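J.: Under our numbering, think of the first position of the sequence shown as 410, with each following residue one higher. Let me give you the structure first, and then I'll get to my questions.
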Amino acid sequence: MTETGLPTPRLTFADGHSIPQLGLGVWQVPAEDTAAVVETALNAGYRHIDTARGYDNEAGVGEGLRRAEVPREEVFVTSKCPNQDQGYEAAIASFDASMADLGLDYLDLYLIHWPCPEKGLTVETWRALVELQRQGRVRSIGVSNFRDVDIEAVFEATGVVPALNQIELHPYFAQAAAREDHARRGILTESWSPLGQGGGELEDPVVAEIARAHEASPAQVVLAWNLALGNVVIPKSVTPSRIAQNLAALALPLTADEVARISGLDRGEDGRRGKRPDAFEGHQGS
Ligand code: A2P
């Protein structure tokens, strides 16, 4: 439930499953804090948690899920195959390890974390995800940080379109071209670092003015903009008041003019804060 008492709206994938439009992201949440943060979020009404093998906190996510005692079917859980586990057999083994750490017997969504074009294993990794879905161990499969060329490669090889592409997306880096590519292919866009990692957007004068008009916080305005574009958002916070505040952004209606003004803040490539998808093959990141 949100603060309005309404359940989080869901967006539907091309495969027929659906995802709550707002979830808690746990990138950069320390392992020892993760169970408490996840429990806080579930008690506040979140029903969607986004983690990754590379965040080194899947065990904490599992512990938080058990502590909150929300029925498994009511929570949407995402994890991701890390770069060092790309390849068919390695990805299957990595998935098994994620499930053991999470303490779950199925996952809602499993993503390839980064394309790693230099490794040349993107397609083999995708074949592993297709097999995991076929076996019913994961309901939906998708990708993260993929460029259109990477999406085309996995689709061309398997005929299976990713349900979703999770990419860096916030007002200073609005990713209009990627969103158009996704829409054309029937892929949902999911925004990581939707708050710009708590950076410049939260102090932007345009965002501040709109926040004052709605008696909302800048973070809520930035999230409401992202939601209005039709994206799934996974803001990260370890702060209970912010965890609750971010969920309440679901109840903040922006006008079309306000959405357009925030979209006008885009700085293109200069607005990027994270790693570049074509040049990152390392261990950590988003
Ligand atoms: P903290 O975790 O200390 O509460 P993003 O999701 O874009 O990566 O942003 C995460 C950053 O934004 C974290 O530093 C987080 O701080 C901060 N943050 C999360 N929610 C809010 C909020 N409602 N207001 C201000 N900062 C926030």
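We treat Cβ as the ideally placed atom computed from N, Cα and C, and that holds for glycine. The structure presented is a predicted model; accordingly, all values stated were derived computationally and were not measured.
Using 9 Å as the threshold, is the C-beta distance between E371 and V630 below it?
T.: Given a span of 410 to 695 for the chain in the structure shown, any question on residue 371 remains unanswerable.
J.: Provide the residue(s) that pair with Q575 in DSSP beta bridges, ordered along the chain.
T.: In the DSSP assignment, the residues bridged to Q575 are S553 and E599.
J.: Tell me whether the beta-carbon of G677 lies closer than 9 Å to the beta-carbon of K684.
T.: no
J.: Mind checking E448: buried by the 16 CB within 10 Å criterion, or exposed?
T.: buried
J.: Starting from the Cα of T460, find the closest Cα among V446, I652 and T487 and give me that residue.
T.: T487
J.: Secondary structure at Y497, three-state DSSP: helix, strand or coil?
T.: In the three-state reduction of the DSSP assignment, Y497 falls in the helix class.
J.: Give the residues whose C-beta lies closer than 5 Å to at least one heavy atom of the ligand A2P, in chain order.
T.: Near the ligand A2P, meaning a beta-carbon closer than 5 Å to one of its heavy atoms, we find S602, L604, Q606, G607, A628, P644, K645, S646, V647, T648, R651 and Q654.
J.: Between V570 and the rest of its own chain, which residues show a CB-CB distance below 7 Å, the 5 nearest in sequence each way excluded?
T.: Cβ neighbours of V570 beyond the five flanking positions: A423, F564, R594, G595 and I596.
J.: Pick out the complete alpha helix (DSSP H) segments inside the segment 452-495, 4 residues or longer, and give them in chain order.
T.: 467-477
J.: Any idea which residues DSSP pairs A427 with across the strands?
T.: A small correction: the amino acid at residue 427 is Ser; Ala does not occupy that position in the sequence shown. BP columns for S427 point to T421.
J.: Apart from the five residues just before and just after T567, which ones in its own chain have a Cβ nearer than 8 Å to its Cβ?
T.: V532, W535, R536 and V539, listed in sequence order.
J.: From which residue to which residue does the beta strand (DSSP E) around L518 run?
T.: L516 to I521
J.: Between which two residues does the alpha helix (DSSP H) containing W535 stretch?
T.: T531 to R543
J.: Rounding to the nearest angstrom, what Cα-Cα distance links Y464 and P603 in this structure?
T.: 18 Å
J.: Between G639, K489, H426 and F485, which lies nearest to L433 when the distance is taken from Cα to Cα?
T.: Taking only the C-alpha atoms, the option nearest L433 is F485.
J.: Report the CB separation of I501 from L451 in whole angstroms; it is logged as a contact under 8 Å.
T.: In fact, because the Cβ distance is near 29 Å, the residues do not count as touching under 8 Å.
J.: Determine, using beta carbons only, whether L420 and V641 come nearer to each other than 9 Å.
T.: Going by C-beta atoms, L420 is nearer than 9 Å to V641.
J.: One question on the structure: do V616 and L674 come within less than 9 Å of each other, judged by their Cβ atoms?
T.: yes
J.: Starting from V582, follow its DSSP beta bridges and name the residues at the other end.
T.: Note that residue 582 is Phe in the sequence shown here, rather than Val. H579, per the DSSP bridge assignment.
J.: Determine the direct distance from the alpha carbon of R556 to that of R681, and round the result to whole angstroms.
T.: 15 Å
J.: Select from Q493, S507 and V438 the residue whose C-alpha is nearest the C-alpha of P644.
T.: V438
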